[in-house]
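Protein chains in written order, with the numbering used here: chain A, 1 to 353; chain B, 354 to 737; chain C, 738 to 883; chain D, 884 to 1048. See below for the structure under consideration.
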Amino acid sequence: MREVAVIAYAQTPMTRDAGAQNEVELIMQVVHQALDEVKLNQTDIDFTCSGSCDYLQGVTFAFVDGLNAVSSVPPINESHVEMDAAWALYESWLKIQMEEADVALVYGFGKSSPGELRSIMTLQLDPYYLAPLWPDSVSLAALQAKAMIDNKMITEESMAKVVKRSRKNAKSNPNSQLSGDFSIGDLLSEPIFVSPLRKHDCSPITDGASAIILATKEKALSLCRNPAFITSIDHRVETAQFGYRNLTSSPSIQKSSEVINLSDYSIDAAELHAPFSHQELLLIKELQLNEEVSINKSGGVLAGNIMMSAGLDRIGSMFNLIKSGKVRTGLAHATSGPCLQQNMLIIMESKNE
Amino acid sequence: MSELAAVVGMGQTKHSSKNGEVSIAGLVRESAEKALLDAELEWEDIDAVILGKAPDMFEGVMMPELYLTDALVANNKPILRVHTAGSVGGSTGIVAASYIQSGMFERVLVSTFEKQSESNAMWALSTTVPYAPLINAGAGGYFTPYMREYKRRFNVPEHIGRIVAVKDRLNALKNPYAHLHIPDINLEMVEKSPMLWDPLTFLESCPSSDGACSLVISSERSVTDNQLPAWIHSTSMRSEPTMYAGRDAVNPQAGSECAKDVYKKAGIKDPIKEIDCAEIYVPFSWYEPMWLENLLLADIGQGWLMTEKGHTSLEGKFPVNMSGGVLSSNPIGASGLLRFGEAAQQVRNKAGEYQVQGAKLALGHAFGGGAQFFAMWIVGANKP
Amino acid sequence: MSDKEILKADFELGFTYTRSTGPVIGHFLTELQKCKIYGIKGSDGKVIVPPAEYDPVTGETLKEFIEVSDIGKVKTWVWVNQPLEKHPIQAPFAWALIQLEGADTNFLHAVKVKKEKIMKNNMKVKASWALPPKGNITDIKYFEPI
Amino acid sequence: MSEEKILEFEAPIYFKYSYTAGKTTTSFLNSIKKGKLVGQKCPKCRGVYVPPRGSCPKDGVATEEEIELPDIGTVESFTINYLPIPGGAVDPPYVSANIILDGADLAFMHIVDGIDHSEVRVGMRVKAHWKPKNEWKASLENIAYFQPIDEPDLPLNHLSDEKNA
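Given below as structure tokens:
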């Protein structure tokens, strides 16, 4: 296996409504910023891969326009996943493994402000039995939270603690959308949104884009002072039959943990893609992270949730921690689908002595 | 060095304008089961699933890999969804190959589909946003100006498009899975069919199909002799913007550079001589000669002569679209993988009635967007 | 140019899709027209409702239909105070995972009650049918406590 | 009670979206509301784009320099459409053409009319036929169509030579 590292990461400020800025303008910012960070040009990139979703903005082939943000004349070796860009990173990682590329550019973008995100997400469900009833993403997550509360795995207070920490951590993230100091009491006095969830238990609607550059060890060490090496990576999915799932556990996380030998690592920090506060608690339990592991230093997606790059942002946020020397071994997680149906785990490490 | 990968199984549905017998899952599943059967493998032999299809709006199912995980027996396995517009079937095949070539997986299933009857796919392509007049009439309206320009630029006779339309439909008669079976197809019938976008008639255009195509791709060490492997000699993808100053949409640079790359990686110096046959993405008749040139299989301005002389027919010197091609079946998301898979079937000597005798090396090709995304692979009966 | 000067316009994107059902979903919807609910037997013997086409564990094609009751128990529920435009009930209501009598899995549907306080885990609910049924999952309008 | 076997059902899926034109498109649309066609020039390749999109797709850089273009151009390629499109701007048959304005480096699709369809040629010189001023809004639809002008066709090879260069 070739050693591959994240060497650059850029993210737009996460905002409720990017307004005048279209997708191309958002992507252009982050692609240029990431390339500049390691003094590369598009011509130095061997493979480019992106993640996006047409339904967010209601236009087919959103990614085709997105390509206008990248210099693609002369033509480039490029691909796209209609998924979170974390999976675009996975595809790029395979390209590097097969020696088709040494340096890869990955970007994800999403403007959730133009549409009705909660209802749009319903279209991820089985189109015969479930989608025609229009259960929305918040309601489904609420069912999971309620099941966890019923099982005494969490309480409304423990959920509020997650939010409190997220908002606090987000204060040191210049791109965050929501941050600040809140007391558990303040949070619990907020009205219920979809019971048992309050609005702050749900990640916000966010517009933005992000980009990451991956490189082989040799290139990484020549371009970046402290690259974050991807030691292990795996992703798995679970059944689509919502009523068949036990929402209080995650077999796909358990399987991926095994595959990446998670228990062999001493994890300092984790960036978890938990669009709802209770999901962070479920992930911590399924990943068996102890209290010494620092969780979502970036604030996580509760502080800003760029659909289609929120997973990639977890990898980017972990890169930031490793690059700055604050973390030696970290875990990044990305998810897709209702109630954590699909998950990716990545172990990222510093090789600096 | 990348690991060697081979296609060891192919499955497809009978393509039709509406497959009302199955759900979306049922459609994809049928092709996947057939691919496994062809590979003599079981579901548990598959390590990962790669799904490809065109826009989610065709079926109104967002990120359908999430819903299809049970049908593709992907639970607790990795699944990934590729979408690169019309070239997606080809790109998905290439991504699937990279799972093996990276050395990370032993056997993967790649499934692609479109169930166009669920919506009206042509108009799903023509959605527009406010402030822009809706002028463009689907893919045909977009591409016909470039076909006209090809014809004009090289003074190509009128009947070339019709020759392609007839040739591909005659080939389709030998393919039980093809959507269009028109037994009495002839030049006059094509000429007299309704004009859609001048000069393109109805019979010079692809149909809109429900259909699915799956392949099983295996690592070298997992291949067994009875699987008749089609060894993947090379893959390549190239993209360029839809529009930019100086772009030639008739002979896009991304296509020719992709071709150069895929030949170079396969060690092919003289493609027209070394390659035995090709499955090329030809949704509109004129694109056969245009792509022959773009693929460096003919000199610029000479592609139509190959078509006119019958070189691209099943019995010709360089058969193209032996299966009937996109002109005979077009489940958009699967169309590219059908090209890639049909190329593999030829070198596996499994193409049935449309087998090119002794085919050892074949090209699979797909394109998408405004003829700006290209995916290609070269497969061979022998190891590279 | 300030954000206010930027041109904005609303538009609607939509299609009415025609979904062919295949044999399993088709059977379920056909029986719904008779106000009957069918599940299917999974590889482990569990009765899955609504009937899955493929077993979630082994992946095998499932075929053995089993009729279940239109009465069941609420296993988990949540309360929606402000229904969205597309929700099946346009007044505060509950989403619930309901285990129907004879089924081993949960069925997601809406439960109509006046107040959140009425909702309890394990409460018995019964399907309320849209008449005449049309062969759609929405033939079950919602569930109501009994 | 019906005994009909269900083979299919209808699933309506409709969403409302708010579309934001963005800075560049707003500026273009505001100009066209006044009857002006304003494009943008790429700072790198100097390519002129109309309608502008705020970036040069070739170089992946932002474009800001604005340049007003005449409403006269050349037909680069075209087709005659016979298929009606739901919600389409015009009824078939109509000619849709890729028209490259004088001074621009990229064509855009619009309608050519005011001439027998069989007479439309690549290289033909055309001018915008604007709708009456009181119908103008923020849309390219202000131009009803492009019509031929009394100027010799641009040499046919000129266009393709330029492209093949």
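All residues carry an ideal CB built from backbone N, CA and C; glycine is no exception.
Span of the alpha helix (DSSP H), counted from its first residue to its last, around residue i
i, result
"Arg-501/B", "491-506"
"Asp-563/B", "No alpha helix (DSSP H) contains Asp-563/B, which is instead part of the beta strand (DSSP E) from 563-572."
"Ile-524/B", "Going by the sequence as given, residue 524/B is Asn instead of Ile. Residues 512-525."
"Asp-36/A", "23-37"
"His-586/B", "Careful: His-586/B lies outside any alpha helix (DSSP H), inside the beta strand (DSSP E) at 583-592."
"Lys-741/C", "Taken as a continuous stretch (DSSP letters only), Lys-741/C belongs to no alpha helix (DSSP H), as it is neither H nor E."
"Ala-359/B", "Looking at the DSSP string, Ala-359/B is not in any alpha helix (DSSP H); the run it does join, the beta strand (DSSP E), is 358-365."
"Lys-617/B", "606-618"
"His-534/B", "Premise fails: His-534/B is in no alpha helix (DSSP H) and is neither H nor E."
Beta-bridge pairing of residue i - partner residues as DSSP gives them
i, result
"Phe-1029/D", "Val-995/D, Ala-1011/D"
"Thr-15/A", "Asp-207/A"
"Lys-111/A", "Asp-207/A"
"Thr-767/C", "Paired residue(s): none; Thr-767/C is not in a bridge."
"His-664/B", "Beta-bridge pairing links His-664/B to no other residue."
"Ile-835/C", "Val-811/C, Phe-844/C"
"Met-348/A", "Ile-230/A, Gly-330/A"
"Pro-882/C", "Val-862/C"
Beta-carbon proximity check, residue i vs residue j, cutoff 8 Å
i, j, result
"Ala-104/A", "Phe-47/A", "yes"
"Ser-339/B", "Ala-651/B", "The requested residue 339/B does not occur in the structure, where chain B is confined to residues 354 to 737."
"Tyr-897/D", "Lys-745/C", "no"
"Ala-85/A", "Gly-311/A", "yes"
"Ser-294/A", "Ala-269/A", "yes"
"Lys-919/D", "Glu-951/D", "yes"
"Val-817/C", "Pro-829/C", "yes"
"Leu-433/B", "Glu-25/A", "no"
"Val-700/B", "Ala-715/B", "yes"
"Lys-161/A", "Ile-184/A", "yes"
"Gly-721/B", "Ala-450/B", "no"
"Asp-385/B", "Ser-455/B", "Going by the sequence as given, residue 385/B is Ala instead of Asp. No, Cβ-Cβ distance for Ala-385/B and Ser-455/B is not below 8 Å."
For residue i, the nearest candidate out of the options (CA to CA)
i, options, result
"Ser-444/B", "Ala-310/A, Ser-79/A, Gln-97/A", "Ser-79/A"
"Trp-730/B", "Ala-518/B, Gly-620/B, Gly-373/B, Pro-408/B", "Gly-620/B"
"Asp-313/A", "Lys-152/A, Arg-198/A, Ala-274/A, Asp-54/A", "Ala-274/A"
"Ser-112/A", "Lys-351/A, Gly-19/A, Asn-320/A, Glu-258/A", "Gly-19/A"
"Val-973/D", "Ile-982/D, Ile-963/D, Asn-981/D", "Ile-963/D"
"Glu-23/A", "Gln-124/A, Pro-338/A, Glu-349/A, Gly-208/A", "Gly-208/A"
"Lys-120/A", "Val-414/B, Val-517/B, Ala-492/B, Ser-470/B", "Going by the sequence as given, residue 120/A is Ile instead of Lys. Measuring from the Cα of Ile-120/A, the nearest candidate turns out to be Val-414/B."
"Asn-683/B", "Ala-531/B, Met-410/B, Gly-514/B, Phe-507/B", "Ala-531/B"
"Gly-1100/D", "Ile-983/D, Ile-955/D, Gly-905/D", "Because chain D is modelled from 884 through 1048, residue 1100/D falls outside the range shown and cannot be assessed."
"Pro-594/B", "Gly-930/D, Asp-942/D, Lys-1020/D, Glu-1034/D", "Asp-942/D"
"Phe-182/A", "Leu-130/A, Arg-167/A, His-32/A, Pro-75/A", "Arg-167/A"
"Lys-164/A", "His-200/A, Pro-132/A, Ile-347/A", "His-200/A"
Assigned secondary structure, residue i (DSSP; H/G/I helix, E/B strand, else coil)
i, result
"Gly-722/B", "coil"
"Lys-863/C", "strand"
"Arg-2/A", "coil"
"Asp-1044/D", "Note that Asp-1044/D scores 46 on pLDDT, short of 50, meaning its location in the model is unreliable; the coordinates nonetheless yield the value given after this. Asp-1044/D falls in the helix class under three-state DSSP."
"Cys-202/A", "strand"
"Lys-545/B", "helix"
"Glu-801/C", "coil"
"Met-884/D", "In this prediction, Met-884/D scores a pLDDT of 45, lower than 50, which makes its location untrustworthy; the coordinate-derived value is nonetheless stated afterwards. Met-884/D falls in the coil class under three-state DSSP."
"Glu-948/D", "strand"
"Asn-343/A", "strand"
"Lys-323/A", "helix"
"Thr-43/A", "helix"
"Leu-223/A", "helix"
"Lys-468/B", "strand"
"Asn-428/B", "strand"
Opening and closing residue of the beta strand (DSSP E) in which residue i lies
i, result
"Pro-895/D", "891-903"
"Leu-920/D", "920-924"
"Ile-963/D", "955-964"
Proximity test, residue i beta-carbon vs the ligand ADP heavy atom, cut-off 7 Å
i, result
"Asp-551/B", "The ligand ADP is not part of the structure shown, which contains no ligands of any sort."
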